[in-house]
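To convert, note that position 54 of the sequence shown is 54 in UniProt numbering; the numbers rise steadily by one, no gaps.
Where a beta carbon is used, it is the ideal one built from N, C-alpha and C, also for glycine.
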Amino acid sequence: MKAFVVHSTFVSLLAWITLTFALPQAGSGTVTAKARAATSTARSNTAAKAAGKLYFGSATDNPFLDEDATYKAILSDNTLFGQLSPENAMKWDATEPEQGVFTFTNGDVIVALAQANGQIMRGHNTVWGSQLPSWVSDSGFDNATLISVMQNHVSTVIGHYKGQIWDVVNEPFNDDGTLASNVFFETIGPTYIDLALQAARAADPDAKLYINDFNIEGEGVKATAMANLVSDLKSRGIPIDGIGLESHFILGEIPTTLQAQMEAFTALGVEVAVTELDIRMTLPETDALLAQQQTDFQNVVSACTAVADCVGVTVWEYTDKYSWVPSTFAGQGDADPWDENFEMKPAYDGIIAGFSS
């Protein structure tokens, strides 16, 4: 009996030591369960609509939809998400892997999901210098042939998915404001942008046609180049309805001129949208980093809320579980408003606050 008492005392002492020294302490900078969780009970798409926006949306991809029922169920909640963007299913390598052979299976799955849930679809994208099949990128087509190939691709894909918003031309600029080198620019010249937009309008007169790019979210040479391009297109009657601001941000580095740049773009007579929002941090997470991320998400959404012709905000995946960031930026991640376990992070509270500002 005496031995048992000694043993019990030892166990109690050991437990006290563990709780006192081994577990994270408040204010230590280590993420705690309480600090990690969002507190808002509001619904993000409902909040967006209440703010006068068309949607709050998310990107998605087929493997996740096919294999993860929890992921799909959350994505299908149209009080949270009112719009979907296919990450890869509508790009050239997915839709026309062989010349003249079109494949819409994966894209159709995402469109069907959106239609079933009453969600808006944003097509992404038809003309981009990346993710091209080799028969396009390495073809050696002459000018006239590549024009025909490009116009046929744009017409066929947009014609198949009528009634969407479309990133027709994706990432046409270098950071210095010059046009990016790709097979279309090198072969056709800058008029490839005109021709792609004209083909898109002919295929679907009701589609919203966008040019989409990154590092145009704040004032600078690249944003100026985009504004000049759109102004020139409109002056010549080339169809263009919107500018997509990708918004792949680094924590604490949201452009202070974000709202002003949105207003400058919309003054040209087009709408804007935040199309690929994520805000990455250097890992591991801390309470301070999550608090900064909350502030950053709020500032981005607040800027869109304040600009009448900013129509909506799309996150580039809603969950860290399927984020592109860790595989692209070593040591960085946790860029999305839901964590890898599908729990809302403080960033979600920032989104709700941004729509309420």
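Ranked by Cα distance from V168, the first of V325, Y192, L146 is Y192. Contact annotation: N170 and N106 have beta-carbon atoms that are not nearer than 8 Å.
In the structure shown, M90 adopts coil according to DSSP, grouped into three states. The C-alpha of H124 lies about 17 Å from the C-alpha of Q198.
Only buried fits N45, as 16 or more other CB atoms lie within 10 angstroms of its CB.
Listed in chain order, the beta strand (DSSP E) runs fully inside the region 196 to 252 are 208 to 213, 242 to 245, 248 to 250, counting runs of at least 3 residues.
Annotation: V136 to H153 spans about 11 Å, alpha carbon to alpha carbon. Under the rule that a run must span 4 or more residues, the alpha helix (DSSP H) segments found entirely inside the region 126 to 151 read 134 to 137.
Taking a C-beta distance under 8 Å as the contact criterion, Y348 and S40 qualify as a contact pair. Boundaries of the beta strand (DSSP E) around M281: 271 to 282.
Secondary structure of G57 (DSSP, three-state): strand. Taking C-beta atoms as the reference points, D232 and M281 fail to come closer than 8 Å. Cβ atoms of I158 and D204 come within 8 Å of each other, at about 5 Å. Under the 10 Å beta carbon count, Q131 is surrounded by fewer than 16 other beta carbons and is classified as exposed. Between V272 and C310, the C-beta spacing is below 8 Å. The beta strand (DSSP E) runs of length 3 or more contained entirely in the region 287 to 325 are, from start to end of the chain, 310 to 315. Between V274 and L245, the CB-CB gap stays under 8 Å.
The C-beta distance from W316 to E343 rounds to 19 Å, too long to meet the 8 Å contact threshold. Secondary structure note for N170: its beta strand (DSSP E) is the uninterrupted segment 165 to 170.
For A180, there is no enclosing alpha helix (DSSP H), as DSSP marks it with neither H nor E. Only residues of its own chain outside the window of five on either side were considered, and among them L179 have a CB closer than 8 Å to the CB of P190, listed in chain order.
Within 10 angstroms of the beta-carbon of A223 lie 16 or more other beta-carbons, which makes it buried. Bounds of the alpha helix (DSSP H) holding G354 are 346 to 356.
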